[in-house]
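Under my numbering, residues -3 to 410 are what the sequence shown spells out, in order.
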Amino acid sequence: MKRREFLANMIGSSLAVLSLEETLIGQETSFEKSVREYLRTIMPSRQRVEDFITGEYGPRDKRPGEIFQYDSELGWIPHEAIGSTGVDGSKVFYSYESDGARKVINFPDKPSRIRTYGNSFTHCSQANNNETWEEYLAAHIQEPVRNYGVGGHSVYQAYRRMLKVEKQTSGGYIILNIWDDDHYRNLDAWRSIRFGYGSRCGFTLPHLRVDVARGRCEQIENISKRPKDLYKLCDEDYLWRTFKDDPILKMVMAARKGGRNISSKLINPVAVTFGIPDEKIADTETAKKIKKIHTEAALFATQNVVTWAEEFARDTNKKLMIMLSFGRGNVAKYLSGEPRFDEGFVYWLKDKPYPVIDMREVFAADYKKYKVDVDQYLAPFYNGHHTPRGNFFTAWAIKDRVIQWLNPKPLPYR
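Next comes the structure, spelled out in structure tokens:
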């Protein structure tokens, strides 16, 4: 090649590289701009952070509902409050034992064999201390059922709380109650990224990072290790540096940018981030692929948590039960004949050597007794969360399995 041609080719190649770099830089700048704009909309005020640290939120009888307080390991725990979202517009009273369990009403002086872990459907938000399914169950079996549920917790947070409590006592019976969104919460590093500004538990938390294709599930601690670390969430530059590579943020931004007309160009990087192979989403409509990717990653995370819970129970001579609870929407879909979003996870649980209770199936069996439409049937059981009637239904739905599980049997069945 002649020297002049060689130099011309070199210059052309250099210009092409520079052009590509400029394009990539432009894309990065555009991504940073849109991310920063979104982060500003979910950034907490310093007063909001202070309320979260103290758990006060104003006078006890003027608080907006269930209250959360900062916890360095778990992200948050419940705080005493009087809410205003009870059944028929009534007030709701939330109080707790010294170890953080919800107030024990039935047989508080007796030792507790059964301890429950999960989110607000375990805590029984929007119901009074004596209206939880744990208390209805305790009243019937004549022994206390200790309730360690926390609103907003993921399956992983519930597992972490279980470890903290269960390591302090020998033996016993563990109920891990998994609600429908809890799977997705496993992957949240900062809850507000997915929930937006409005959530009172919209802060950082311990979470999981997964690569489904490689079978990897990494446990990551809460990044807010001290109360003062929470104030960093009020700094836009800190938020950008800390969360710019967060897979949930990337997913949210892709969904916001693409909307219903989302393209493969936006979807593929999200799939790669979670290690979701093409065949897992190949038969899914393009507009639904982001949700499918999120669901596959979330359910994989939960499978890992349940496996860890199984191992812990085995190694500490404890007994495990898994409950699957659902909001009104998912129960209605099941009663209307729609497929379960977690079908693979339910199949994975099918042959477990411990009790597994899917509350959709319980509602479906009961619904057969009625001649009303699905919404009319479900209305008395839900008020956002379960109403007291919904909690009683839950207690009665699981009581026979609990009685079979306990050894020795509870007093009324000896």
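All C-beta atoms, glycine included, are put in the ideal place defined by N, C-alpha and C.
Smallest Cα separation from residue i: which of the options?
i: proline 273; options: Ser260, Ile289, Leu262; result: Ile289
i: glycine 147; options: Gln138, Pro140, Arg157; result: Arg157
i: isoleucine 223; options: Gly333, Lys106, Ile137, Trp72; result: Checking the displayed sequence, the identity of residue 223 turns out to be proline instead of isoleucine. If we check each option's Cα against that of proline 223, Trp72 comes out closest.
i: valine 302; options: Val352, Ala283, Asn264; result: Val352
i: valine 268; options: Glu281, Thr282, Ala293; result: Ala293
i: glycine 323; options: Lys314, Ile170, Tyr378; result: Tyr378
i: leucine 70; options: Lys221, Cys213, Lys284; result: Lys221
i: glutamine 411; options: Thr118, Gln138, His136; result: This structure gives no information on residue 411, because the portion of the chain shown stretches from -3 to 410.
i: threonine 112; options: Ile174, Pro265, Lys253; result: Ile174
i: tyrosine 92; options: Phe337, Lys106, His75, Ile263; result: His75
Is it buried or exposed, residue i, if we count other Cβ atoms within 10 angstroms and call 16 or more buried?
i: lysine 367; result: exposed
i: alanine 123; result: buried
i: alanine 375; result: exposed
i: arginine 411; result: Not covered by the structure: residue 411. The range shown for the chain is -3 to 410.
i: proline 404; result: exposed
i: alanine 361; result: exposed
i: isoleucine 277; result: buried
i: alanine 209; result: exposed
i: aspartate 178; result: buried
i: arginine 98; result: buried
i: glutamate 18; result: Only weak support exists for where glutamate 18 lies, its pLDDT of 44 falling under 50; the value from the coordinates is given anyway. The residue is exposed, with fewer than 16 neighbouring Cβ atoms inside 10 Å.
i: glycine 255; result: exposed
i: aspartate 105; result: exposed
i: arginine 356; result: buried
i: serine 26; result: exposed
Excluding sequence positions up to five away, which residues of its chain have a Cβ less than 6 Å from the Cβ of residue i?
i: alanine 393; result: Val358
i: tyrosine 227; result: Val45
i: glutamine 131; result: Note on identity: in this sequence residue 131 is glutamate, with glutamine being the wrong assignment. Taken in chain order, the residues that qualify are Ile101, Asn102.
i: leucine 235; result: Leu35
i: histidine 149; result: Asn115
i: alanine 251; result: Ile286
i: valine 141; result: Ile110, Glu130, Leu133, Ala134
i: glycine 121; result: Here residue 121 is serine; the residue named in the question, glycine, does not match the sequence. Excluding sequence neighbours, serine 121 sits near Glu62, Gly147, His381.
i: threonine 81; result: Gly61, Gln122
So, for residue i: in the same chain, excluding its five sequence neighbours on each side, which residues have a beta-carbon less than 7 Å away from its beta-carbon?
i: isoleucine 47; result: It should be pointed out that residue 47 corresponds to aspartate in this sequence rather than to isoleucine. So the list reads Tyr53, once near-sequence residues are dropped.
i: aspartate 67; result: Ile73
i: valine 248; result: Ile189, Arg190
i: glutamate 214; result: Leu204, Arg205
Please list, in chain order, all residues of the same chain as residue i whose beta carbon is under 8 Å from its beta carbon, the five residues on each side excluded.
i: tyrosine 363; result: Leu331, Val370, Tyr373
i: proline 384; result: Val83, Ala123, Asn124, Glu127
i: isoleucine 397; result: The question names isoleucine, but residue 397 is arginine in the sequence shown. So the list reads Met317, Pro351, Ile353, once near-sequence residues are dropped.
i: tryptophan 344; result: Gln299
i: lysine 395; result: Leu133, His136, Ile137
If we cut at 9 Å on Cβ distances, does residue i have a partner in chain B?
i: leucine 133; result: No chain B is present in this structure, which holds just one protein chain.
Fully enclosed by the stretch 116 to 150, which beta strand (DSSP E) runs are 3 residues long or longer?
-> 141 to 143
Count the CB pairs spanning the stretch 254 to 269 and the stretch 188 to 201 that are closer than 8 Å, and state whether there are at least three.
-> no
Considering only residues of the stretch 168 to 214, which uninterrupted alpha helix (DSSP H) runs meet the minimum length of 4 residues and lie entirely inside it, listed in chain order?
-> 178 to 181, 188 to 191
List in chain order: all unbroken beta strand (DSSP E) runs of 3+ residues lying wholly within the stretch 44 to 86.
-> Runs found: 63 to 67, 71 to 75, 77 to 79.
Minimum length 3: unbroken beta strand (DSSP E) runs contained in the stretch 230 to 255 = none
Entirely enclosed alpha helix (DSSP H) segments - the stretch 276 to 323, minimum 4 residues | 285 to 311
Write down every uninterrupted run of the alpha helix (DSSP H) in the stretch 374 to 409 whose length is 4 residues or greater and which is fully enclosed by it, in chain order.
-> 384 to 401
Could you say if the stretch 305 to 320 and the stretch 178 to 193 meet the contact criterion of at least three C-beta pairs nearer than 8 Å?
-> no
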